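S.K.: So the sequence shown is numbered by this note's numbering: it starts at 9 and just counts up by one.
Next up is a structure, given as structure tokens.
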Amino acid sequence: MAAWGRGGMMRSVRFFAVLGLVVAAVCAPSGGAWARMVTRPVAWTLDGTRFESVLIYDDAVSARRPGLVMVPNWHGVNAIAIDKARMIAGRDYVILLTDMYGASVRPTDDAQSMAAVKPLMGDRVLMRRRAAQALAVLKSLAGTAPIDLSRLAAIGFCFGGTAVLDLARSGADVRAVVSFHGNLTTDDPGLARGIHAAVLAMNGADDRTTSPDFASFLAEMGQTPTPWQFVVIGHAVHCFTETEATAPTGLCRYNPAAARQSYDLMHRWLAARFAAPGP
9 MAAWGRGGMM RSVRFFAVLG LVVAAVCAPS GGAWARMVTR PVAWTLDGTR
59 FESVLIYDDA VSARRPGLVM VPNWHGVNAI AIDKARMIAG RDYVILLTDM
109 YGASVRPTDD AQSMAAVKPL MGDRVLMRRR AAQALAVLKS LAGTAPIDLS
159 RLAAIGFCFG GTAVLDLARS GADVRAVVSF HGNLTTDDPG LARGIHAAVL
209 AMNGADDRTT SPDFASFLAE MGQTPTPWQF VVIGHAVHCF TETEATAPTG
259 LCRYNPAAAR QSYDLMHRWL AARFAAPGP
């Protein structure tokens with residue numbers, strides 16, 4: 009992982025400059041009304057690395073609502089991920105869009121993204137520690153954001169799906185975890201016995217990236233004492249929720265129907281878990 013230095017600082021400045029433009033766009037008047045979506049930078053340091061994430065929620069709603077740790081795909085925290093988090097948050101959730109790489113690492117293409125995820129996929133203990141820190145930060149924000157600490161969950165996409173599954177495997181005290189087209193592998197299948205969250209994983213039937221791991225994931229999850237579902241979506245490949253995956257063919261492709269189905273399943277899964285008695 010790159011050190012926090014002048015190069016990292018410049019990237020951080022550029023990131024927060026882009027974030028400022030997003031905030032300005034969100035708050036700009038339209039038709040005489042003011043949008044109320046908050047997009048707030050949140051930073052922390054872990055193991056000597058600075059992380060820069062984004063807290064997102066609609067402050068036109070006064071009620072406390074569920075808090076979600078959201079880990080984006082391997083491109084990390086960027087404008088596309090912020091837009092996606094705003095769409096999911098709506099009036100229903102407070103979302104911490106989570107930086108898993110560190111502020112000095114902002115991939116701009118697939119090769120850089122591969123280099124960014126490699127240390128975490130190779131050290132799942134480190135991945136779990138970073139995801140757990142994001143959850144701890146989300147909890148700490150309840151004093152300044154309308155987060156209901158009795159209703160916490162985590163969601164993730166592609167690499168982010170892997171990260172939130174590992175958060176569940178760590179025994180984190182969240183009600184639910186939802187993985188969209190995530191890598192299903194683990195360094196220790198026995199960790200599933202300590203899962204407290206209700207796990208929903210959704211992958212494409214034609215996803216050649218993750219389908220070889222379907223059987224081992226089912227065997228692993230058979231050990232968990234909590235509710236879980238593994239949904240295989242027909243005619244979908246990898247990245248089916250990623251609007252930027254526009255290639256008409258290939259291993260990674262946006263599928264609007266699969267995206268709608270998976271978001272609906274997510275909302276229903278979370279609603280059921282949040283309505284159930286706490287652990």
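Note that the Cβ used here is the ideal one computed from N, Cα and C, for glycine as well.
Bear in mind that the values here come from a model prediction, so they are computed numbers and not experimental data.
Tell me Glu60's beta-bridge partners as DSSP assigns them.
M.R.: DSSP output for Glu60 lists Ala51 as bridge partner(s).
S.K.: Pick helix, strand or coil for Pro235, following the three-state DSSP scheme.
M.R.: Pro235: coil per DSSP, three-state reduction.
S.K.: Under DSSP, the beta strand (DSSP E) around Ser187 begins and ends at which residues?
M.R.: Ala184 to Phe188 is the span of the beta strand (DSSP E), which, as asked, contains Ser187.
S.K.: State the Cα-Cα distance for the pair Leu278 and Ser121, rounded to the nearest angstrom.
M.R.: Roughly 29 Å between the two C-alpha positions.
S.K.: According to the Cβ coordinates, are Val77 and Ala162 closer than 8 Å?
M.R.: A contact, by the Cβ cut-off of 8 Å.
S.K.: Evaluate contact between the segment 195 to 204 and the segment 254 to 261, counting only Cβ atoms and requiring at least three cross-stretch pairs below 8 Å.
M.R.: Contact between the segment 195 to 204 and the segment 254 to 261 is absent, because fewer than three Cβ pairs lie under 8 Å.
S.K.: When you compare only the Cα positions, how much space is there between Arg99 and Tyr65?
M.R.: Arg99 and Tyr65: Cα-Cα distance of roughly 7 Å.
S.K.: Quick one: residues in its chain with C-beta nearer than 6 Å to the C-beta of Val125, no 5 flanking neighbours on either side, listed in chain order?
M.R.: Around Val125: Trp82 and Phe167.
S.K.: Rounded to the nearest angstrom, what separates Glu250 and Ala89 at their Cα positions?
M.R.: Glu250 and Ala89: Cα-Cα distance of roughly 9 Å.
S.K.: By the 10 Å Cβ neighbour count, where 16 or more other Cβ atoms means buried, how is His246 classified, buried or exposed?
M.R.: Under this definition His246 is a buried residue.
S.K.: Look up Pro74 in the DSSP assignment and give the residues it is bridged to.
M.R.: Paired residues: Asp156.
S.K.: At a cut of 8 Å, does the segment 104 to 123 reach the segment 175 to 194 through at least three beta carbon pairs?
M.R.: The segment 104 to 123 vs the segment 175 to 194: no contact.
S.K.: Please report the straight-line C-alpha distance between Thr217 and Pro127, rounded to a whole angstrom.
M.R.: Straight-line Cα distance between these residues: approximately 19 Å.
S.K.: Could you please give the first and the last residue of the uninterrupted alpha helix (DSSP H) stretch that includes Met289?
M.R.: A question about residue 289 goes unanswered here, because the residues of the chain that appear run from 9 up to 287.
S.K.: Once you ignore the five residues that flank Ala205 on each side, which residues in its own chain have a CB closer than 6 Å to its CB?
M.R.: Within the same chain, Ala205 has close Cβ partners Ala176, Val182, Ala184 and Val185.
S.K.: What's the call for Val133, buried or exposed, on a 16-neighbour Cβ count within 10 Å?
M.R.: Val133 is exposed by the Cβ-count criterion.
S.K.: Can you give me the C-alpha to C-alpha distance between Arg58 and Ala111, rounded to a whole angstrom?
M.R.: Straight-line Cα distance between these residues: approximately 6 Å.
S.K.: If you measure between the beta carbons of Leu273 and Val239, is that distance less than 8 Å?
M.R.: Taking 8 Å as the Cβ cut-off, Leu273 and Val239 qualify as a contacting pair.
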